[in-house]
Amino acid sequence: MPSKIVEGQTVEITVNLRRIAFSVPWTRKAPGAIRRLKKEIQKYFGEKTGVVVTKELNNFVFLNGNKNIPAKIRVRVTKKTCEKDAEKQILHTELVIVGSFKGLKEIVID
24 MPSKIVEGQT VEITVNLRRI AFSVPWTRKA PGAIRRLKKE IQKYFGEKTG VVVTKELNNF
84 VFLNGNKNIP AKIRVRVTKK TCEKDAEKQI LHTELVIVGS FKGLKEIVID
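Numbering (this note's numbering), first residue to last: 24 to 133.
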């Protein structure tokens with residue numbers, strides 16, 4: 024199956040963290056949500072490449088502690104070439120702050 028994203032393209036999507044981290048034990052809710060977020064982004068875009076989460080996104084998930092993660096987050100995903108290895112591709116994921124999630128859909132930014 025071909026990828027939904029090409030090199031240099033940016034896509035904004037809304038991710039339901041509550042659904043992703045439903046079966047993660049409450050003692051490890053935030054780290055489990057980050058791990059499952061990476062898997063969800065790989066599955067969404069049909070990629071086998073690595074996913075890099077920015078520090079701001081990681082801090083936002085851990086903001087209310089390990090047990091209380093936000094219900095939804097809006098992320099901006101960009102496909103880039105890895106800085107360490109020029110042959111590898113990565114999905115760079117960063118946080119987008121929004122006031123409300125109502126009516127938001129997938130947005131492709133070129």
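For each residue, glycine too, the CB sits at the ideal point set by N, CA and C.
Closest residue to residue i among the options (Cα-Cα distance)
i: R59; options: E79, V38, T50, T77; result: V38
i: V119; options: R51, F83, D108, A53; result: F83
i: R41; options: P93, A109, T101, H115; result: P93
Which of helix, strand or coil DSSP assigns to residue i
i: L114; result: strand
i: Q55; result: The sequence shown places Gly at residue 55, not Gln. Here G55 sits in helix by DSSP.
i: E106; result: coil
i: I130; result: strand
i: I28; result: coil
i: I120; result: coil
Cβ distance (whole Å) where residue i is taken to contact residue j below 8 Å
i: K90; j: K52; result: 5 Å
i: K61; j: V74; result: 4 Å
Beta-carbon proximity of residue i to residue j, cut-off 9 Å
i: R97; j: T116; result: no
Inset, instruction - Let me know the beta strand (DSSP E) ranges lying completely inside the stretch 76-104, each 3 residues or longer, listed in chain order. - result: 95-104
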